[in-house]
Amino acid sequence: MTSLSFIASAPASAMLMGEHAVLFGHSALVCALTQRIFVKASKRADGQIVITSSLGYFECAVNELAMQVERTSSFAFVLQALTLSGQVETGGVELVIESEFEHTLGLGSSAAVTVACMGAMALLANGRFDPQEAMKTSIESIRKVQGRGSGADVAASALGGIVKFQGNPLRAKKTLLSLAALQDAPHLLLVYCGYKTLTPLVIAQVAEAAEQEPQRFAQLYEQMGACVETSEKALEREDWWAFAQSMNQYQILMRALGVSDKSTETIIRLAQKKSPLDTLLGAKISGSGLGDCVLLLGSEALDWPHPQISVQIEPQGLRQEMQLPKAQQREQQL
Numbered sequence: 030m031t032s033l034s035f036i037a038s039a040p041a042s043a044m045l046m047g048e049h050a051v052l053f054g055h056s057a058l059v060c061a062l063t064q065r066i067f068v069k070a071s072k073r074a075d076g077q078i079v080i081t082s083s084l085g086y087f088e089c090a091v092n093e094l095a096m097q098v099e100r101t102s103s104f105a106f107v108l109q110a111l112t113l114s115g116q117v118e119t120g121g122v123e124l125v126i127e128s129e130f131e132h133t134l135g136l137g138s139s140a141a142v143t144v145a146c147m148g149a150m151a152l153l154a155n156g157r158f159d160p161q162e163a164m165k166t167s168i169e170s171i172r173k174v175q176g177r178g179s180g181a182d183v184a185a186s187a188l189g190g191i192v193k194f195q196g197n198p199l200r201a202k203k204t205l206l207s208l209a210a211l212q213d214a215p216h217l218l219l220v221y222c223g224y225k226t227l228t229p230l231v232i233a234q235v236a237e238a239a240e241q242e243p244q245r246f247a248q249l250y251e252q253m254g255a256c257v258e259t260s261e262k263a264l265e266r267e268d269w270w271a272f273a274q275s276m277n278q279y280q281i282l283m284r285a286l287g288v289s290d291k292s293t294e295t296i297i298r299l300a301q302k303k304s305p306l307d308t309l310l311g312a313k314i315s316g317s318g319l320g321d322c323v324l325l326l327g328s329e330a331l332d333w334p335h336p337q338i339s340v341q342i343e344p345q346g347l348r349q350e351m352q353l354p355k356a357q358q359r360e361q362q363l
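According to my numbering, the stretch in the sequence shown is residues 30 to 363, in order.
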């Protein structure tokens, strides 16, 4: 039994610059992508929490929510978001989740679904949401699930566009790029390695290596932070060529950090081989590394066996929707 409903959506995201260094007080640049996750929240009257998504079906009593957060890995981010939203009434809630992208591709799906869930629950309780508040609560929620994470992808999903993010103290601001500049950005291609290593495991591996060479790793993080600042200035000038060179420099630093593996390097070599010397090309890991995706700026599709996604920067972050995508598609077919 369901009643009042609201729908919110939040965009996917990709790290442009700042991976790893953002965990040590430096800034990161992250962008929202046009692909979105939608969450429809409806009040119930039977004391149940019901979730339906491509990952499956989940149901529990409202008074079991805290316990289920610990037990249910598939819906851990959503259940934790419901817990922290503080807006699950005794009557219960039903969530329907639809996504325009596969969660296996590492486009910040956990961040997007958490932000969209916070937005939908705020709409259900108050008829409005605050993107900044949704961002802060979502970062707290995700850190409770995975232990550690910068929150940069959450900032992009909440605010949209290209965001300069700092985790401690928490600061997030959209870069001053016009809508026209975003639309005129060079072609962006995300190339999936075919596998990914969970971010907490990558962070732990880097931390272990840093214990052996603390000074070298501290210098790497400083260089990464400086690279982000240079990249931001290039964006403010709308100088995509300079931005691409900063991407390439950051990839050198990721390599030195030990998170650029054989598949990553193969993808980058294929992109370099395909692109003429006089064309713009930026190529780097997008994310923590050891798999997942490589971000190519100015490159066309590669001869590569795993998924490649042409992406565009999305200027809008968290927003209210009138329909879920599948319902809209059905209407268009009639």
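Glycine included, each C-beta is placed from N, C-alpha and C at the ideal position.
Who are the near neighbours of residue i in its chain, counting only those whose CB is closer than 6 Å to its CB and skipping five residues on each side?
i: tyrosine 279; result: Met46, Cys256, Lys313
i: phenylalanine 87; result: Ile80, Phe104
i: leucine 299; result: Leu331
i: phenylalanine 130; result: Ala41, Gln64, Leu136
i: isoleucine 84; result: As written in the sequence, residue 84 is leucine, which differs from the isoleucine given in the question. For leucine 84, where only same-chain residues beyond five positions count, the Cβ hits under 6 Å are Ser103.
i: serine 57; result: Per the sequence shown, residue 57 should be read as alanine rather than serine. Cβ within range, chain order: Gly47, Val51, Ala181, Phe194.
i: serine 315; result: Ala43, Met44, Cys322, Leu324
i: isoleucine 126; result: Val68, Ser82
i: lysine 202; result: Lys193
Considering only their Cβ atoms, is the gap separating residue j from residue i smaller than 8 Å?
i: serine 42; j: leucine 218; result: no
i: alanine 185; j: proline 160; result: no
i: cysteine 146; j: leucine 111; result: yes
i: leucine 286; j: alanine 163; result: no
i: isoleucine 296; j: valine 323; result: yes
i: leucine 113; j: lysine 165; result: no
i: valine 142; j: isoleucine 66; result: yes
i: alanine 154; j: glutamine 109; result: no
i: arginine 73; j: glycine 148; result: no
i: serine 128; j: serine 139; result: no
i: glycine 223; j: serine 292; result: yes
i: glycine 327; j: methionine 283; result: no
i: valine 174; j: histidine 49; result: no
i: phenylalanine 106; j: isoleucine 171; result: yes
If you reduce the DSSP assignment to three classes, tell me which class residue i lands in.
i: glutamate 267; result: coil
i: threonine 112; result: helix
i: serine 292; result: helix
i: glycine 287; result: coil
i: glutamate 343; result: coil
i: proline 243; result: helix
i: glutamine 161; result: helix
i: proline 354; result: helix
i: aspartate 332; result: coil
i: alanine 74; result: coil
i: alanine 228; result: It should be pointed out that residue 228 corresponds to threonine in this sequence rather than to alanine. Of the three classes helix, strand and coil, the one that applies to threonine 228 here is helix, per DSSP.
i: proline 186; result: Note on residue identity: the sequence assigns serine, not proline, to residue 186. Of the three classes helix, strand and coil, the one that applies to serine 186 here is helix, per DSSP.
i: leucine 84; result: coil
i: leucine 124; result: strand
i: valine 117; result: coil
i: arginine 177; result: coil
i: threonine 143; result: helix
i: serine 317; result: coil
i: phenylalanine 35; result: strand
i: phenylalanine 106; result: helix
Going by CA-CA distance only, name the one from the options that's closest to residue i.
i: tyrosine 221; options: Asp290, Ala61, Val125; result: Asp290
i: threonine 204; options: Ser260, Phe246, Glu118, Gly318; result: Ser260
i: threonine 119; options: Ser328, Arg266, Asp75; result: Asp75
i: threonine 308; options: Val288, Thr293, Glu294, Glu329; result: Glu329
i: lysine 225; options: Pro344, His132, Gln274; result: His132
i: leucine 33; options: His55, Lys69, Ala39; result: Lys69
i: proline 344; options: Gln175, His55, Gln244, Ala209; result: Ala209
i: leucine 230; options: His55, Ile168, Val288, Glu265; result: Val288
i: lysine 262; options: Tyr250, Phe272, Gly254; result: Phe272
i: glycine 54; options: Gly254, His335, Pro334; result: Gly254
i: isoleucine 78; options: Ser38, Leu124, Met96; result: Leu124
Quick one: what's got a C-beta closer than 8 Å to residue i's C-beta in the same chain, skipping five residues either side?
i: isoleucine 342; result: Cys60, Ala61, Leu62, Thr63, Gly190, Ile191, Leu211, Ala214, Leu217
i: leucine 52; result: Arg177, Ser179, Gly196, Ile232
i: methionine 351; result: Ile36
i: methionine 276; result: Leu45, Met46, Ser260, Gly311, Ala312, Lys313, Leu324, Leu326
Run through the DSSP bridge pairs and tell me what residue i is partnered with.
i: leucine 58; result: Met46, Lys193
i: alanine 210; result: Per DSSP, none; premise fails for alanine 210.
i: glycine 311; result: Leu326
Using a Cβ-Cβ distance under 8 Å, would residue i count as near chain C?
i: alanine 43; result: Of the protein chains in this structure there is only one, and it is not chain C.
Between residue i and the rest of its own chain, which residues show a CB-CB distance below 7 Å, the 5 nearest in sequence each way excluded?
i: tryptophan 270; result: Leu309
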